[in-house]
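> When the letters of the sequence shown are read in order and numbered with our numbering, they come out as residues 221 to 696. The structure is given below, and queries will be raised subsequently.
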Amino acid sequence: MKNVLMKKERFIWVSIVIFIVIIQAFCSSRGSSINDANEALYFDLFKEATAYIRAHYVDDKKIGYQNLVYGAIKGMLESLGDDHTSFLAENDYKELNDVINNTFGGLGIYISVKDGYPLVIAPIEGTPAYQMGVHSGDRIVEIEGKSSKGMNIIEVVKKLKGKVGTKVSIKIAREDALELIPLTLTRAKIKVPTVKHKFIKKGLAYVRIVSFGKNTARDLKIALKTIKKKGLKKLIIDLRNNPGGLLSSVVKITDYFMSKGKIVYTRGRNSREDKDYYSRKSNTLINKKVPIVLLVNGGSASASEILAGALQDTHRALLVGTKTFGKGSVQTIIPLFRGDDSRPRIGMRLTIQKYLTPAGRSIHKKGIEPDELVPLPKRDFEELYMLKKLQDGKYIKTLLKKHPHYTKNHVTKLMKTLKDNEIKLNRRVIEKRLRDEKRRKGIRLIDLEYDIQLKKAVELIQSGNKQLHRRVIVFN
221 MKNVLMKKER FIWVSIVIFI VIIQAFCSSR GSSINDANEA LYFDLFKEAT
271 AYIRAHYVDD KKIGYQNLVY GAIKGMLESL GDDHTSFLAE NDYKELNDVI
321 NNTFGGLGIY ISVKDGYPLV IAPIEGTPAY QMGVHSGDRI VEIEGKSSKG
371 MNIIEVVKKL KGKVGTKVSI KIAREDALEL IPLTLTRAKI KVPTVKHKFI
421 KKGLAYVRIV SFGKNTARDL KIALKTIKKK GLKKLIIDLR NNPGGLLSSV
471 VKITDYFMSK GKIVYTRGRN SREDKDYYSR KSNTLINKKV PIVLLVNGGS
521 ASASEILAGA LQDTHRALLV GTKTFGKGSV QTIIPLFRGD DSRPRIGMRL
571 TIQKYLTPAG RSIHKKGIEP DELVPLPKRD FEELYMLKKL QDGKYIKTLL
621 KKHPHYTKNH VTKLMKTLKD NEIKLNRRVI EKRLRDEKRR KGIRLIDLEY
671 DIQLKKAVEL IQSGNKQLHR RVIVFN
């Protein structure tokens, strides 16, 4: 490809990692293409099929060249079987600035497309989606009463975004729900938090990285310096439900924990665009003698996986939780109008590279397996049915509305009400539901009572697990 202009900032955020590429001779360029002896034959087949359709198809309103050619380009891209590669029609192309700037309709969710449906990577803490109970892993199957199957990421954004204060209705499918869950969300101005920190006990600090934005490296640097002054001996970093962000941000942050060696590298068919990223000793903030446990789950994607992969490969940290999302590819936005104002402003979103960990592992569609698997408990059919009755009856919300500072006495009375209504759930489940609902309004940073993954991380780091003291490996 010729005359490629790239944005300085490489986004690896959620489902779109965007380079803006302008190609002046796209169709004729052969710099990185694969020669095919049958090229002329296949183009002849295409022309023959086009001519036959235009001459004989029953509905002459559908045989315009624009409709047929756009459909053909879309079909070519869909044949690649890549959810992150898609055709951008004129209206879709206009939405690019919203995607680049992370403007997702004021709902507070990071989304991708998987198996034909929009998939929630993670809700942002404190936003409408978070407060209404949207979960990582939820599939959005309906938007405003229409199926979302087959929508690309741009189409989803267009449906979800809108003016602050307006509402949008969606239906989500959840793995542990018996039916689709209808939700009405009110759009709001979204402010994405970056870093939170707290000491769990003397010497043991907890740091949550919420997203990898332009200020995250700066905010984390301040947080790490603060906890070092207060006597940091052991560190837990929480990347759960962190959907990623800027490549520059995660490279700087990884550098805080590694003194030398490769952090991440990209590889594609065009070697001129490949790049390796290395750590520098001068940027290190946390000495290798400080053991680190990293918490991850299915909502840890993209930039989160780069940090997790680098610290796992080098033995700098022990990963605890569940397998990460598996988003490790780089997409390019290619305009097809080639600078000609008379042409329709259409384009393609094309995967051109993959991110590899220092040891050469591909993250994409595989994710990263934790060193210590701590799955969340699965519910059986009976419990799911009882939870549905609990939700339908709005018992939790009613109690919190009447008694925002509820006591054990209130919980006991609620248990009796549930029993009278034949809702059989143990007290611990109800207490956790109350805690979760209350937490959506005011976020609690650490929960050592119900957060079994965090409890495991504390247990491992306090016990002096041998894996936390392995020799650090350097990849050049």
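C-beta atoms are modelled at their ideal positions from N, C-alpha and C, and glycine is treated no differently. Treat the numbers as computed from the prediction; the structure is a model and nothing was measured.
Measuring alpha carbon to alpha carbon, tell me which residue in ASN372, ASN517, ARG655 is nearest GLU669.
For this step, residue 669 is matched to residue 449 along the sequence shown. Per the Cα distances, ARG655.
> Excluding the 5 residues flanking ASP358 on each side, which residues of the same chain have their C-beta closer than 6 Å to its C-beta?
On the sequence shown, position 138 is the one that residue 358 refers to. Around ASP358: VAL340, ILE392, ARG394.
> Please name the residue, chosen from ILE374, ILE273, VAL289, that lies closest to ASN311 on a Cα-to-Cα basis.
Numbered from 1 along the sequence shown, position 91 holds the residue referred to as residue 311. For ASN311, the nearest C-alpha among the options comes from ILE374.
> From what residue to what residue does the beta strand (DSSP E) around ILE329 run?
Reading the sequence shown from its first residue, position 109 is the one you call residue 329. It spans 329-334 - the beta strand (DSSP E) in which ILE329 sits, taken as one unbroken run.
> Between which two residues does the alpha helix (DSSP H) holding HIS535 run?
Position 315 of the sequence shown holds residue 535. First-last for HIS535: undefined, no H or E at that position.
> Going by the beta-carbon positions, is the gap between ILE429 and LEU466 smaller than 8 Å?
Position 209 of the sequence shown, counting from 1, holds the residue named residue 429. Position 246 of the sequence shown, counting from 1, holds the residue named residue 466. Not in contact: ILE429 and LEU466 (Cβ atoms no closer than 8 Å).
> Near ASP439, which residues of its chain fall below 8 Å by C-beta distance, leaving aside the five closest residues on each side in sequence?
Start at 1 with the first residue of the sequence shown, and residue 439 comes out as number 219. Correct list, in chain order: THR414, VAL415.
> Provide the residue span of the alpha helix (DSSP H) that contains TYR285, from first to last.
Start at 1 with the first residue of the sequence shown, and residue 285 comes out as number 65. Looking at the DSSP string, the run of the alpha helix (DSSP H) that includes TYR285 is 285-298.
> Which residues in the same chain as LYS472 place their Cβ atom closer than 8 Å to its Cβ, once the five residues preceding and following it in sequence are excluded?
Looking up residue 472 in the sequence shown gives position 252. ALA437, ASN503, listed in sequence order.
> Looking only at its chain, what residues have a beta carbon closer than 8 Å to the beta carbon of HIS689, apart from the 5 residues adjacent to it on each side?
The sequence position of residue 689 within the sequence shown is 469, counting from 1. If we look at HIS689 and ignore the five residues flanking it on each side, its Cβ neighbours are PRO511.
> Pick out whichever of TYR575, GLN682, GLN687 has its Cα sitting closest to the Cα of LYS422.
As a working mapping, residue 422 is identified with position 202 in the sequence shown. Taking only the C-alpha atoms, the option nearest LYS422 is GLN682.
> Between LYS609, THR571, GLY519, which lies nearest to HIS304 when the distance is taken from Cα to Cα?
In the sequence shown, residue 304 corresponds to position 84, counting from 1. Considering only alpha carbons, the answer is THR571.
> With GLY519 and LYS543 assumed to form a contact (beta carbons below 8 Å), what rounded beta-carbon distance in angstroms separates them?
Position 299 of the sequence shown, counted from the first residue, corresponds to residue 519. Position 323 of the sequence shown, counted from the first residue, corresponds to residue 543. About 11 Å separates the two Cβ atoms, so there is no contact after all.
> Return helix, strand or coil for GLU669, following the three-state DSSP convention.
Here the question's residue 669 lines up with position 449 in the sequence shown. Here GLU669 sits in coil by DSSP.
> Going along the chain, which residues of its own chain have a beta-carbon closer than 8 Å to the beta-carbon of ARG536, five neighbours each way excluded?
Locating residue 536 in the sequence shown gives position 316, where the first residue counts as 1. Counting only Cβ-Cβ distances below 8 Å, and skipping sequence neighbours, we find PHE477, MET478, LYS508, ILE512, ALA530, VAL692.
> From the DSSP output, in three-state form, read off SER479 for me.
Along the sequence shown, read from residue 1 onward, the residue named residue 479 stands at position 259. Three-state result, SER479: coil.
> Only counting the same chain, and skipping five residues up and downstream in sequence, which positions put a Cβ closer than 8 Å to that of MET568?
Numbered from 1 along the sequence shown, position 348 holds the residue referred to as residue 568. Closer than 8 Å at Cβ, skipping near neighbours: ILE293, LEU297, THR305, SER306, PHE307, LEU308, ILE553, ILE554, LEU556.
> Taking the C-alpha atoms as reference points, what is the distance between PRO597 and VAL516?
Taking the first residue of the sequence shown as 1, we reach residue 597 at position 377. Taking the first residue of the sequence shown as 1, we reach residue 516 at position 296. In a straight line, the C-alpha of PRO597 is about 16 Å away from that of VAL516.
> VAL550 and LEU680: beta carbons closer than 8 Å?
Here residue 550 refers to the residue found at position 330 of the sequence shown. Here residue 680 refers to the residue found at position 460 of the sequence shown. Not in contact: VAL550 and LEU680 (Cβ atoms no closer than 8 Å).
> Apart from the five residues just before and just after VAL594, which ones in its own chain have a Cβ nearer than 8 Å to its Cβ?
Taking the sequence shown and counting its residues from 1, the one referred to as residue 594 is at position 374. Excluding sequence neighbours, VAL594 sits near VAL540, GLY541, THR542, ILE672, GLN673, LYS676.
> Would you list the residues sitting across from GLY488 in a DSSP beta bridge?
As a first step, residue 488 is located in the sequence shown; it is residue number 268 there, counting from the start. In the DSSP output, where bridge partners are listed per residue, GLY488 has GLN573.
> Can the beta-carbon of GLY328 be found closer than 8 Å to that of THR347?
Here the question's residue 328 lines up with position 108 in the sequence shown. Here the question's residue 347 lines up with position 127 in the sequence shown. Yes; because the gap between Cβ atoms is below 8 Å, this pair is in contact.
> Name the two residues that bound the continuous beta strand (DSSP E) containing ILE420.
Locating residue 420 in the sequence shown gives position 200, counting from the first residue. Counting along the chain, the beta strand (DSSP E) containing ILE420 begins and ends at 415-421.
> Helix, strand or coil: which one does DSSP assign to LEU680?
In the sequence shown, counting from the first residue as 1, residue 680 sits at position 460. DSSP, reduced to helix, strand and coil, places LEU680 within a helical segment of the structure shown.
> Excluding five sequence neighbours on each side, which residues of the same chain lie with their C-beta closer than 7 Å to the C-beta of LYS334?
In the sequence shown, residue 334 corresponds to position 114, counting from 1. Closer than 7 Å at Cβ, skipping near neighbours: ASP303.
> May I ask which residues mark the beginning and end of the beta strand (DSSP E) holding PHE307?
In the sequence shown, counting from the first residue as 1, residue 307 sits at position 87. In the DSSP assignment, PHE307 falls within the beta strand (DSSP E) that extends over 306-308.
> Does ARG647 come out as helix, strand or coil in the three-state DSSP assignment?
Here residue 647 corresponds to residue number 427 of the sequence shown, with the count starting at 1. In the three-state reduction of the DSSP assignment, ARG647 falls in the helix class.
> If you reduce the DSSP assignment to three classes, tell me which class VAL361 lands in.
Taking the sequence shown and counting its residues from 1, one reaches residue 361 at position 141. Residue state for VAL361 is assigned as strand, using DSSP reduced to three classes.
> Do PRO590 and ILE483 have their C-beta atoms within less than 8 Å of each other?
Position 370 of the sequence shown, counted from the first residue, corresponds to residue 590. Position 263 of the sequence shown, counted from the first residue, corresponds to residue 483. No. Outside cutoff.
> What residue does the beta strand (DSSP E) around ARG189 start on, and which one ends it?
Since the displayed the chain opens at 221 and closes at 696, residue 189 lies outside it and no answer follows.
> Would the beta-carbon of LYS501 fall within 8 Å of that of LYS480?
Here residue 501 is taken as the residue at index 281 of the sequence shown, counted from 1. Here residue 480 is taken as the residue at index 260 of the sequence shown, counted from 1. Yes, the Cβ-Cβ distance between LYS501 and LYS480 is below 8 Å.
> Alpha carbon to alpha carbon, how far is LEU505 from ILE442? Give it in angstroms, no decimals.
Sequence index remark: in the sequence shown, residue 442 carries index 222 (1-based). Sequence index remark: in the sequence shown, residue 505 carries index 285 (1-based). Our two residues, ILE442 and LEU505, have alpha carbons roughly 10 Å apart in a direct line.
> Between GLY464 and SER368, what straight-line distance do the alpha-carbon atoms span, to the nearest angstrom?
The residue given as residue 464 occupies position 244 in the sequence shown. The residue given as residue 368 occupies position 148 in the sequence shown. Their backbone Cα atoms lie some 24 Å apart in a straight line.
> Looking at the secondary structure, which residues open and close the beta strand (DSSP E) in which ALA275 lies?
Taking the sequence shown and counting its residues from 1, one reaches residue 275 at position 55. Here ALA275 belongs to no beta strand (DSSP E); instead the alpha helix (DSSP H) covers 259-276.
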